[in-house]
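Every position in the sequence shown, counted from 1, becomes a number in the working numbering once 332 is added.
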Amino acid sequence: MATLARDQHTRESPPAPAASSARPADNDEAALIAAVIAINAWNRIAVTFRYAPEA
Numbered sequence: 333m334a335t336l337a338r339d340q341h342t343r344e345s346p347p348a349p350a351a352s353s354a355r356p357a358d359n360d361e362a363a364l365i366a367a368v369i370a371i372n373a374w375n376r377i378a379v380t381f382r383y384a385p386e387a
């Protein structure tokens, strides 16, 4: 039984899935949205520290 489990574990992995079929415009839009979210988060952090009371 142990050899069966080992053989199943060491078999070749299935082939990798094909490249994404998404259009380049979709990828550009996703990158733009991610950039806007990151900049928004960075600005929120900056404002938090700018107006934080002195310790």
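Note that the Cβ used here is the ideal one computed from N, Cα and C, for glycine as well.
request  = Using the Cα positions of asparagine 359 and alanine 366, report the straight-line distance between them to the nearest angstrom.
outcome  = Residue numbering aside, residue 359 sits at position 27 when the sequence shown is read from its first letter. Residue numbering aside, residue 366 sits at position 34 when the sequence shown is read from its first letter. Going by the C-alpha atoms only, they are around 10 Å apart.
ask   = Looking at the structure shown, is alanine 384 part of a helix, part of a strand, or coil, going by DSSP?
value = Indexing the sequence shown from 1 puts residue 384 at position 52. Of the three classes helix, strand and coil, the one that applies to alanine 384 here is coil, per DSSP.
Reduced DSSP category for glutamate 344 - H, G, I as helix; E, B as strand; rest coil = Along the sequence shown, one-based indexing puts residue 344 at 12. Of the three classes helix, strand and coil, the one that applies to glutamate 344 here is coil, per DSSP.
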